[in-house]
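For reference, the structure is listed below as structure tokens.
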Ligand SMILES: Cc1cc2nc3c(=O)[nH]c(=O)nc-3n(C[C@H](O)[C@H](O)[C@H](O)COP(=O)(O)O)c2cc1C
Ligand code: SF4
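Protein chains in written order, with the numbering used here: chain A, 24 to 497; chain B, 355 to 591.
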């Protein structure tokens, strides 16, 4: 029977007093309703996190987007730790990890049979393009000597060829960015490979960035720029636009270098399935795909955090694209972006890369974020382990700077040796995994050697889920 | 006709349908002789005469495709009729004459030397150029001078839309109509001395005319600085 709504319900007892209702009986704080205390102290908004609030405060003060170095802070990206190796057990036979050998020789750009000097690297890892300008001259030289010691390559980056690096690097890739800083036919001919860069993982779709504090007299001369300007470079190449023109451009570079050295195309990972196919069709010898985790000397923060696709997903798509257009074996695939160790590198090889390159990891090996000169980290508002201030040129440890005083803090001879040792250790990590998986060459690592530990990683890569042994599939 | 022939003191090289690598090899061999070179039956092929050395006189009969004279390091190049995109791109030194029309991105990223176009030029003349001079007797296309670092673009027959867009320290000189200006351009009245400098470039081409009404375009420098002027604010980001 329905209640008669015209008559208010009455308890069969007296209504409790406000004091009692508000928990005041047990000493709750005045002026604050008792509830979950943390919602008062910490807040609970999933939209307006402390980071989101400080971001708005920063934008409201600056009136423009923020720029910084290092790499993405987007927490949604998968990590290579979402994948694990499944070494040989009963169905496969492992190699003796401590005794048997595993080949690491890596040849890039020889697949089409078009160039006289394909790159023969002793290890499947090389040092990514980090421009002189972004890095100091001694950092560049250290990278060169360290890489030479272990038989691998460094890349000029967009700032032109630095003599110190050419001298240090037994194998040097010369990058031609859309801005074409310091282009010189002699430099092209002294290079061991050429690279046309159409994008990078840290800021796909956007040109290079070097803030005024790093546009020193030497940098300004090499880049034909007024000293101290904030260099924001073009992203569209000056002399080609689409794939058909690119094919003609590649031919021009081959003629200019007399068909001696391979031509690379480097891109940020956005639509690798199509972009890689187009680059391969246009005639590249090597395609480099740089995932959203890729490092940078300076990028708009929004592009760092909110553009591009993860490296692991890009590799699979790129490899499938090359397979589909019959270019596997003809065109080499290099992957980069977020690689921290030989383990990460081995996962990239297993996913389908022929080689990997490292940027941030090489900087860290040189001493980036090492706990020294603490007061200078503090002056930047940061601390060792958290620094991402390459854009300021005030690198506390003298790597990402053009300031002589700071640069002198990096010992170039020690830096070279650290790079050599780090690359050696990475290579040992790769071979240890490869041998456990029963491979006599690191290039025999395959997707079947991996299992995914998260739905996400499985869905992104097609790698089978651990245990159930099926890819998370639509 | 054979592929490489001699006519008077000239070496004559046939292009036709031959592989461009072979054609360029013949051109390079001919360059080594120090004799004048005439390239015939060019069929508007791309990549003719790339990376040519100093002290070479070479003529392309008819029209050529993309990147003719690209990365030139000193050759004196004459193209009888039209050229495709990016003639003389990345050129460090030398002289290129285009008898007719030049396609897009004439002199892209060039460092030095002179390009002389007798007809009109397409869009993006002198894009990203680092030095040298580009003289166009006709009109230059849209967005000419885009982000030119240094050097001069001189147009005697006007300019299209978005002229002198986003310059660094390059200069665009226009006699005649300018359809519209690009971003961050200052149009300034050149001094007599500056006009004399430009006339000195035009003089050997026989193009000096004192009645011209020049407009000299340089960077307004409003796009040169993004951050470093408020460094104290962003150092801590
Ligand atoms: C300091 C620094 C400078 C860089 N400069 C360039 C450059 O000039 N051109 C380019 O294509 N990529 C540049 N990159 C991107 C790297 O070549 C590479 O794609 C990236 O660092 C790979 O990701 P990782 O840092 O996670 O290894 C730079 C990266 C860093 C860290
Ligand atoms: S320590 Fe130097 S190289 Fe490392 S993030 Fe900071 S500024 Fe960049």
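Idealized CB from N, CA, C, for every residue including glycine.
request  = Return helix, strand or coil for residue 362(A), following the three-state DSSP convention.
outcome  = As a first step, residue 362(A) is located in the first chain; it is residue number 339 there, counting from the start. Of the three classes helix, strand and coil, the one that applies to residue 362(A) here is coil, per DSSP.
- prompt: What do you get for residue 479(B), buried or exposed, if any count of 16 or more other CB atoms within 10 angstroms of its CB means buried?
  reply: Walking along the second chain from the start, residue 479(B) turns up at place 125. Buried, because 16 or more other Cβ atoms sit within 10 Å of the Cβ of residue 479(B).
Quiz item: At what residues does the alpha helix (DSSP H) containing residue 483(A) begin and finish?
Solution: In the first chain, the residue the question calls residue 483(A) occupies position 460. Segment 478-484, the alpha helix (DSSP H) holding residue 483(A).
query: Name the residues in the region 495-529 of chain B whose C-beta lies less than 7 Å from a C-beta of chain A; which are they?
result: 501, 503, 504, 522, 523
message: Considering only heavy atoms of ligand 2, does any lie closer than 7 Å to the CB of residue 445(A)?
response: As a working note, residue 445(A) is residue 422 in the first chain. No, ligand 2 has no heavy atom inside 7 Å of this Cβ.
Q.
Taking CB distances under 8 Å as the criterion, tell me whether residue 492(A) reaches chain B.
A. By 1-based counting over the first chain, the position of residue 492(A) is 469. Output row for residue 492(A): interface = no.
Discussion item. Quick check: the region 173-189 of chain A against the region 146-161 of chain A, are at least 3 beta-carbon pairs closer than 8 Å?
Written reply: yes
Quiz item: Measuring CB to CB, does residue 412(B) end up less than 8 Å from residue 422(B)?
Solution: For the purposes of this step, residue 412(B) is taken as residue 58 along the second chain, with counting starting at 1. For the purposes of this step, residue 422(B) is taken as residue 68 along the second chain, with counting starting at 1. Taking 8 Å as the Cβ cut-off, residue 412(B) and residue 422(B) do not qualify as a contacting pair.
query = Just curious, the beta strand (DSSP E) that residue 474(A) is in, first and last residue?
reply = As a working mapping, residue 474(A) is identified with position 451 in the first chain. 473-475 is the extent of the beta strand (DSSP E) around residue 474(A).
Query raised in the report: Which chain D residues are close to residue 430(B), counting only those with a beta carbon under 7 Å from its beta carbon?
Result: In the displayed structure, chain D is absent; the protein chains listed are A and B.
Q) Straight-line CA distance for residue 417(A) to residue 86(A)? A) As a position in the first chain, residue 417(A) is number 394, starting the count at 1. As a position in the first chain, residue 86(A) is number 63, starting the count at 1. Their backbone Cα atoms lie some 23 Å apart in a straight line.
### Task
Give every residue whose Cβ lies closer than 6 Å to any heavy atom of ligand 2, listed in chain order.
92(A), 93(A), 386(A), 391(A), 392(A), 410(A), 411(A), 412(A), 413(A), 418(A), 419(A), 420(A), 422(A), 423(A)
| message | As a quick exercise: from 472(B), 481(B), 453(B), 359(B), pick the residue whose alpha carbon is nearest that of residue 505(B). | response | Walking along the second chain from the start, residue 505(B) turns up at place 151. The shortest C-alpha separation from residue 505(B) is found at 481(B).
From residue 199(A) to residue 369(B), what distance separates their C-alpha atoms?
Taking the first residue of the first chain as 1, we reach residue 199(A) at position 176. Taking the first residue of the second chain as 1, we reach residue 369(B) at position 15. For residue 199(A) and residue 369(B), the distance between alpha carbons rounds to 29 Å.
| task | Measure the beta-carbon distance from residue 362(A) to residue 381(A) and round it to whole angstroms, keeping in mind my assumption that it falls under 8 Å. | result | Within the first chain, residue 362(A) is the residue found at index 339, counting from 1. Within the first chain, residue 381(A) is the residue found at index 358, counting from 1. Residue 362(A) to residue 381(A), Cβ: 5 Å. Contact.
| task | May I have the straight-line CA-CA distance separating residue 433(A) from residue 234(A), to the nearest angstrom? | result | The residue labelled residue 433(A) in the question sits at position 410 within the first chain. The residue labelled residue 234(A) in the question sits at position 211 within the first chain. The alpha-carbon atoms of residue 433(A) and residue 234(A) are separated by roughly 21 Å.
Give the secondary structure of residue 591(B) by DSSP, where H, G and I count as helix, E and B as strand, and everything else as coil. Along the second chain, one-based indexing puts residue 591(B) at 237. With a pLDDT of 43 at residue 591(B), under the threshold of 50, the modelled position of this residue cannot be trusted; read the value that follows with caution. The answer is coil: DSSP assigns residue 591(B) none of H, G, I, E or B.
message: I'd like to know whether the C-beta of residue 407(A) is nearer than 8 Å to at least one C-beta of chain B.
response: Mapped onto the first chain, residue 407(A) falls at position 384. With 8 Å as the cut-off, residue 407(A) does not count as an interface residue toward chain B.
- Query: Apart from the five residues on each side of it in sequence, which residues of its chain come closer than 6 Å, Cβ to Cβ, to residue 606(B)?
  - Reply: Because chain B is modelled from 355 through 591, residue 606(B) falls outside the range shown and cannot be assessed.
* Asked: Regarding residue 381(A) and ligand 1, is the C-beta to nearest heavy atom distance less than 7 Å?
  -> Residue numbering aside, residue 381(A) sits at position 358 when the first chain is read from its first letter. Yes.
* To do: Taking 8 Å as the cut-off, decide whether the C-beta atoms of residue 169(A) and residue 442(A) are in contact.
  => One-based indexing of the first chain puts residue 169(A) at position 146. One-based indexing of the first chain puts residue 442(A) at position 419. Yes. Within cutoff.
- request: Might you give, ordered along the chain, the residues of its own chain that have their beta carbon closer than 6 Å to the beta carbon of residue 370(A), omitting 5 neighbours on each side?
  value: Here the question's residue 370(A) lines up with position 347 in the first chain. Result list for residue 370(A): 103, 106, in chain order.
How do the region 315-328 of chain A and the region 221-231 of chain A stand: do at least 3 beta-carbon pairs fall below 8 Å, yes or no? yes
Against chain A, with Cβ distances strictly below 8 Å, would residue 591(B) count as a contact? Here the question's residue 591(B) lines up with position 237 in the second chain. Because residue 591(B) carries a pLDDT of 43, less than 50, the predicted location of this residue cannot be relied on, and the following value inherits that uncertainty. For residue 591(B), the answer is yes, since a Cβ of chain A falls inside 8 Å of its Cβ.
Item to check | Neighbouring residues, chain B, relative to residue 282(A) (Cβ below 8 Å) | outcome: As a working note, residue 282(A) is residue 259 in the first chain. Within 8 Å Cβ-Cβ: 375.
Helix, strand or coil at residue 415(A) according to DSSP, with G and I counted as helix:
One-based indexing of the first chain puts residue 415(A) at position 392. Looking at residue 415(A) - three-state DSSP - the assignment turns out to be helix.
Exercise. Beta carbon of residue 290(A): closer than 7 Å to some heavy atom of ligand 1?
Worked result: Mapped onto the first chain, residue 290(A) falls at position 267. It does not: the Cβ of residue 290(A) is nowhere closer than 7 Å to a heavy atom of ligand 1.
Legend entry - Beta carbon proximity, residue 274(A) to chain B, threshold 8 Å: As a position in the first chain, residue 274(A) is number 251, starting the count at 1. So, interface residue.
Mind checking who residue 70(A) pairs with in its DSSP beta bridge? Within the first chain, residue 70(A) is the residue found at index 47, counting from 1. Bridge partners of residue 70(A): none, in fact.
**Message:** Tell me the rounded alpha-carbon separation between residue 294(A) and residue 256(A).
**Reply:** Here the question's residue 294(A) lines up with position 271 in the first chain. Here the question's residue 256(A) lines up with position 233 in the first chain. Whole-angstrom Cα-Cα distance: 23 Å.
Return yes when the Cβ of residue 507(B) is within less than 8 Å of the Cβ of residue 532(B), no when it is not. Counting from 1 along the second chain, the entry for residue 532(B) is found at position 178. Counting from 1 along the second chain, the entry for residue 507(B) is found at position 153. No, these two residues do not count as a Cβ contact at 8 Å.
Exercise for the section: Tell me residue 323(A)'s beta-bridge partners as DSSP assigns them. Expected result: By one-based count along the first chain, residue 323(A) stands at place 300. DSSP lists 90(A) as partners of residue 323(A).
Notebook entry, point to check: List, in order along the chain, the chain B residues whose C-beta lies closer than 7 Å to that of residue 79(A)?
Noted result: The sequence position of residue 79(A) within the first chain is 56, counting from 1. Result: empty, since nearest Cβ-Cβ is about 14 Å, beyond 7 Å.
Give a yes or no on whether the C-beta atoms belonging to residue 268(A) and residue 285(A) are separated by under 8 Å. Looking up residue 268(A) in the first chain gives position 245. Looking up residue 285(A) in the first chain gives position 262. Cβ distance not < 8 Å, so residue 268(A) and residue 285(A) don't count as in contact.
Review point. Should the region 143-150 of chain A be regarded as contacting the region 445-460 of chain A, the criterion being three or more beta carbon pairs within less than 8 Å?
Key: yes
### Message
So with CB distances below 8 Å, who are the chain B contacts of residue 279(A)?
### Response
Within the first chain, the letter at position 256 stands for residue 279(A). Result: 404, 405, 424, 425.
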